[in-house]
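Asks: Residue numbers (my numbering): 7 to 84.
Provided herewith is a single structure, encoded as structure tokens, for subsequent inquiry.
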């Protein structure tokens with residue numbers, strides 16, 4: 007199963023962007039997208055931005071992703 011994770015672009019350097027994923031910052035490639043700007047939200051898949059997202063949609067996906075991950079808390083030691 008492949009999951010693309012939404013994050014916010016905080017810095018751009020050529021074809022790479024520093025993207026924040028809930029407090030974690032990673033450099034990813036932005037070659038596939040046109041006109042990426044600081045403040046944009048993108049979907050990251052294995053280190054490559056594959057899609058720009060409207061802010062509200064990105065925030066909703068982040069919320070759902072958190073809920074999904076939170077559903078596993080406490081089950082690891084059961």
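Each residue gets a CB set at the ideal place from its N, CA and C atoms; glycine is no exception.
Between residue 37 and the rest of its own chain, which residues show a CB-CB distance below 6 Å, the 5 nearest in sequence each way excluded?
Replies: Same-chain partners within the cutoff: 21.
Asks: Which one of 19, 16, 77 and 71 has the shortest CA to CA distance from residue 10?
Replies: Among 19, 16, 77 and 71, the Cα nearest to that of residue 10 belongs to 71.
Asks: Quick check: residue 30 and residue 16, are their CB atoms within less than 8 Å of each other?
Replies: No, the pair does not count as a contact, with Cβ atoms beyond the cut-off.
Asks: Report the partner residues of residue 12 according to the DSSP bridge assignment.
Replies: Answer by DSSP bridge pairing, in chain order: 49.
Asks: If you count every other CB in all the chains shown that lies within 10 Å of the CB of residue 59, and 16 or more means buried, which is it?
Replies: Classification of residue 59: buried, given that the 10 Å Cβ count is 16 or more.
Asks: Return the bridge partner residues of residue 55 from the DSSP annotation.
Replies: Residue 55 is bridged to 50.
Asks: With 16 as the cutoff for other CB atoms within 10 Å, does residue 45 come out buried or exposed?
Replies: So residue 45 counts as exposed.
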